[in-house]
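Residue numbers (my numbering): 335 to 640. Idealized CB from N, CA, C, for every residue including glycine. Being a predicted model, the structure only gives us computed values, none of them experimental. Before any comments, here is the structure.
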Ligand code: CP
Ligand code: NVA
């Protein structure tokens, strides 16, 4: 049966652990020049309806490193931008390619694509989820802290795609997760419902970043206004400014030696200070690098017969 990566809610803890294990192996293979060409002769179609630097480059480079070919389709320049139904795009691409990565707005569009495609579909970010990014985050935390279970992950900021995926991914891996966001900017209700079902890890949602960050091993933030929310930027600034920022003072309340992660791009002086960003730059850019390895793991498992 065809398998997709649409959102972390669809995965078990075992699935996530398997991806992270293969990702570590991919990283090792690449650093040691060991062959890992499991996508030889295969093609990944990459559909982008929003901007990207990391996702585009890491998927394209990752496919190439595994012996395959990636092609870029922008929403605007393809027939998707002229209204060709997702269901038809899915059936056409399935006849040429071996996998589809899509970055778009609605999660329903990705689910629709996967319903009609006969090849694996990978979510490269929607308004609801950013599963590839959070797999890279979990990989980076596990690399540095040697485990995930029992650690406390704290997210400060907008209850957006990153918050949604971090809550699900963190809890599924046995991490306690705390989120601080302003009223009106909560994570998705489906994610909050999922959190209520978790019994072996703790989830807290609060308004006060100081409360959320207490004793955290990993502190994560993201932009106040995501792609597609440009018109709300001013209103959002008023809701977040002065409170929802990862700064040195806030970091004092985290566990000593706590990591900081940011999916990037970062807005220094808004959700994170330049001081905290630069103090944790190695971890943040390792996280960016790990997109490559984590996605290679996903592609090898879904498309490579691994
Ligand atoms: N973090 C992330 O997904 O980056 P891009 O938007 O550059 O792909
Ligand atoms: N929440 C951000 C993540 C960017 C990688 C956005 O959706 O724009």
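List the DSSP bridge partners of residue 510.
486
Quick one: grab the DSSP three-state call for residue 539.
The answer is strand: DSSP assigns residue 539 an E or B state.
Residues near the ligand CP, CB to any non-hydrogen atom under 6 Å, in chain order?
That query returns the following residues: 386, 387, 388, 389, 459, 467, 597, 598.
Using only the alpha-carbon positions, how far apart do residue 421 and residue 448 sit?
9 Å
Contact between the segment 370-387 and the segment 607-619 is defined here as three or more beta-carbon pairs at a separation below 8 Å; is this criterion met?
no
For residue 401, which residues of its own chain have a beta-carbon under 6 Å away from its beta-carbon, when the five flanking residues on both sides are left out?
371, 373, 374
Considering only DSSP beta bridges, list what residue 595 is partnered with.
Residue pairing for residue 595: DSSP places it in a beta bridge opposite 554.
Residue 435 bridges to which residues according to DSSP?
380, 456
Exposed or buried, what is residue 369 when buried is set at 16 or more other beta-carbons lying within 10 Å of its beta-carbon?
exposed
Does the separation of the CB atoms of residue 521 and residue 559 fall below 7 Å?
Their beta carbons are not under 7 Å apart, which means residue 521 does not touch residue 559 by this criterion.
Straight-line CA distance for residue 537 to residue 411?
43 Å
Would you please state the rounded distance, in angstroms, between the beta carbons of residue 350 and residue 503? I believe it to be under 8 Å.
7 Å
Who are the near neighbours of residue 403 in its chain, counting only those whose CB is closer than 6 Å to its CB and skipping five residues on each side?
Taken in chain order, the residues that qualify are 377.
Exposed or buried, which one is residue 494 when buried takes at least 16 other CB atoms within 10 Å?
Around the beta-carbon of residue 494, 16 or more other beta-carbon atoms lie within 10 Å, marking it buried.
Within the chosen definition, does the segment 422-434 reach the segment 442-456 through at least 3 CB pairs nearer than 8 Å?
yes
Once DSSP output is grouped into helix, strand and coil, what is the label at residue 463?
coil
If I'm right that residue 593 touches residue 475 with Cβ under 8 Å, what's the distance once you round it to whole angstroms?
6 Å
Would you mind working out which of 344, 573, 353 sits nearest residue 635, comparing C-alpha positions?
353
Are there 16 or more other CB atoms within 10 angstroms of the CB of residue 454, so buried, or fewer, so exposed?
Residue 454 counts as buried, since no fewer than 16 other beta carbons sit within 10 angstroms of its beta carbon.
Residues bridged to residue 499 by DSSP?
The partner list for residue 499 (beta bridge, DSSP) is empty, contrary to what the question assumes.
Please classify residue 582 as buried or exposed, where buried requires at least 16 other C-beta atoms within 10 Å of its C-beta.
exposed
Leaving aside the five residues before and after residue 398 along the sequence, list all residues of the same chain whose C-beta is less than 8 Å from its C-beta, in chain order.
404
Is the beta carbon of residue 428 less than 7 Å from the beta carbon of residue 629?
Between residue 428 and residue 629, the C-beta gap is not smaller than 7 Å, which leaves the two residues out of contact.
Considering just the uninterrupted stretch of the alpha helix (DSSP H) at residue 319, what are its terminal residues?
With the chain covering 335 to 640 only, the question about residue 319 has no answer from this structure.
Compare the beta carbon distance of residue 379 and residue 434 with 7 Å and say whether it is the shorter of the two.
yes
Residue 348 and residue 491: beta carbons closer than 7 Å?
Cβ atoms of residue 348 and residue 491: not closer than 7 Å.
What's the C-alpha gap between residue 431 and residue 459?
20 Å
Can you tell me which of the three DSSP states residue 284 falls into?
This structure cannot speak to residue 284, because the chain is shown only from 335 to 640.
Nearest-angstrom Cα distance between residue 364 and residue 473?
Between residue 364 and residue 473, the C-alpha separation is close to 16 Å.
Need the endpoints of the beta strand (DSSP E) that residue 404 sits in, please.
Counting along the chain, residue 404 sits inside the beta strand (DSSP E) bounded by residues 403-408.
CB residue 595 to CB residue 621, shorter than 7 Å?
yes
In terms of residue numbering, what span does the alpha helix (DSSP H) encompassing residue 360 cover?
347-365
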